[in-house]
Amino acid sequence: MEKRRDNKDLEYKKSKRRWGIYIILLLIFLGVSAFKISSSIKEFSDSFKDSKQSEEFLGETVSSDGKYKVEAYLVNGGATVDWSVICYLKEGQNKKEIYRDYHINEANMTWIDNDTISINGHDIELPNGKYDFRDE
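Structure, rendered in structure tokens:
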């Protein structure tokens, strides 16, 4: 009777250990699968972002005191979207978008004074001013 009981205890411990190993292996498998799926989704969305639009450099202008530099780009949004122009205020390595207009393919930039630029008839006070056709 005692031997039978020891045998059952031993089988129970082996079964418990086996289930523990199965659970650990399942968790490892799920973790690796989740990582692979999330990295695939990120890679796919990054490739989609890169192909969405292209910017072609149109020109740049610098204020007369040299304090501000503005760069203009022509944006091709793809087959179903018209041209647009985006202008950035360049501050060192950083670019801050200050102008965005749609259905237009040129950027006529003239300085009104050292802190104000007119881009296609829209006056922008630098460094905090901004024009965006989507805000109208």
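For the sequence shown, position 86 matches number 98 in this note's numbering, and the numbering has no gaps at all. Ideal Cβ positions, reconstructed from N, Cα and C, are used throughout, including at glycine. The model shown is predicted, which means the values in this text are computed figures rather than measured ones.
From which residue to which residue does the beta strand (DSSP E) around Trp123 run? Working through the sequence shown from its first residue, we reach residue 123 at position 111. Looking at the DSSP string, the run of the beta strand (DSSP E) that includes Trp123 is Met121 to Asp125.
According to DSSP, is Lys108 part of a helix, a strand, or is it coil? If you number the sequence shown from 1, residue 108 lands on position 96. Note: Lys108 maps to strand in three-state DSSP.
Buried or exposed by the 16-neighbour rule on C-beta atoms within 10 Å, applied to Val97: Sequence index remark: in the sequence shown, residue 97 carries index 85 (1-based). Val97 should be labelled buried.
Does DSSP put Ile49 in a helix, in a strand, or in coil? Your numbering for residue 49 matches position 37 in the sequence shown. Helix, per DSSP.
If you drop the 5 nearest sequence neighbours on each side, which residues of the same chain put their C-beta closer than 8 Å to that of Asn117? The count along the sequence shown starts at 1 and reaches residue 117 at position 105. Within the same chain, Asn117 has close Cβ partners Leu86, Trp95 and Val97.
On the DSSP bridge list, what partners appear for Phe69? If you number the sequence shown from 1, residue 69 lands on position 57. DSSP lists Tyr85 as partners of Phe69.
Report the option in Glu148, Ile136 and Ser45 whose CA atom is closest to the CA atom of Cys99. As a first step, residue 99 must be located in the sequence shown, where it is residue number 87. Comparing Cα positions, the closest option is Ile136.
Below 8 Å on the Cβ atoms is my contact criterion, and I expect Asn132 with Asn120 to pass it. Report the Cβ-Cβ distance as a whole number of Å. Looking up residue 132 in the sequence shown gives position 120. Looking up residue 120 in the sequence shown gives position 108. Rounded, the Cβ-Cβ distance is 5 Å, consistent with contact.
Just tell me which of Ile110, Ala84, Arg29 and Asn19 has its CA closest to the CA of Leu149. The structure shown does not extend to residue 149, since the chain is modelled only from 13 to 148, so the question has no answer here.
Where Asp113 falls, given that 16 or more other Cβ within 10 Å makes a residue buried: The residue given as residue 113 occupies position 101 in the sequence shown. It counts as buried.
With DSSP run on the structure shown, which of helix, strand or coil describes Glu118? The residue given as residue 118 occupies position 106 in the sequence shown. The answer is coil: DSSP assigns Glu118 none of H, G, I, E or B.
Since I believe Lys81 is in contact with Lys108 (beta carbons under 8 Å), could you give me their beta-carbon distance rounded to a whole number of angstroms? Here residue 108 corresponds to residue number 96 of the sequence shown, with the count starting at 1. Here residue 81 corresponds to residue number 69 of the sequence shown, with the count starting at 1. That pair is no contact at about 11 Å.
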